[in-house]
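S.K.:
Dropping the structure here:
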């Protein structure tokens with residue numbers, strides 16, 4: 012018998028995950044249905060695993076709208092040379108006039 016990872020929905024629509032032993036994925040699916048679960052994924056344990064759910068993907072990469080770039084000095088580092096250039100140009104025109 013082999014171990015199979017599964018994702019299944021219960022009668023309330025809640026997601027259940029776990030590992031079940033069986034001779035084949037079909038046998039595990041049948042056993043899960045007999046327990047009142049509705050399997051959505053059944054894969055042999057150790058062979059690629061179960062695909063991530065949308066909730067797990069969001070948790071892995073961060074909430075919507077969040078960035079992974081560090082906040083703070085990046086923008087300032089780009090603006091300082093611009094401000095220096097503007098200052099020098101203005102200073103030059105004031106001195107010439």
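In our numbering, the protein residues as written are 12 to 108.
The beta carbon of each residue, even a glycine, is placed where N, CA and C say it ideally should be.
This structure is a prediction, so every number in the text was calculated from the model and none was measured.
So, is residue 16 buried or exposed, given that buried needs 16 or more other C-beta atoms within 10 angstroms?
M.R.: Taking the chain shown and counting its residues from 1, one reaches residue 16 at position 5. That one is buried.
S.K.: Whole angstroms is fine: what's the gap from residue 95's alpha carbon to residue 105's?
M.R.: Stepping through the chain shown from its first residue, residue 95 is reached at position 84. Stepping through the chain shown from its first residue, residue 105 is reached at position 94. Taking the straight line from one Cα to the other gives about 15 Å.
S.K.: Within 10 angstroms of the Cβ of residue 29, are there 16 or more other Cβ atoms? Answer buried if so, exposed if not.
M.R.: For this step, residue 29 is matched to residue 18 along the chain shown. Counting Cβ neighbours within 10 Å, residue 29 comes out exposed, since fewer than 16 surround it.
S.K.: Distance check for residue 12 and residue 23, CA to CA, integer angstroms please.
M.R.: Along the chain shown, one-based indexing puts residue 23 at 12. Along the chain shown, one-based indexing puts residue 12 at 1. Computed Cα separation, rounded: 30 Å.
S.K.: Throw me the rounded Cβ distance for the residue 14 and residue 46 pair, which I believe falls under 8 Å.
M.R.: Residue 14 sits at position 3 when you count from the first residue of the chain shown. Residue 46 sits at position 35 when you count from the first residue of the chain shown. That pair is no contact at about 17 Å.
S.K.: Based on the DSSP secondary-structure assignment, which residues constitute the bridge partners of residue 100?
M.R.: The sequence position of residue 100 within the chain shown is 89, counting from 1. In DSSP, residue 100 forms no bridge with anything.
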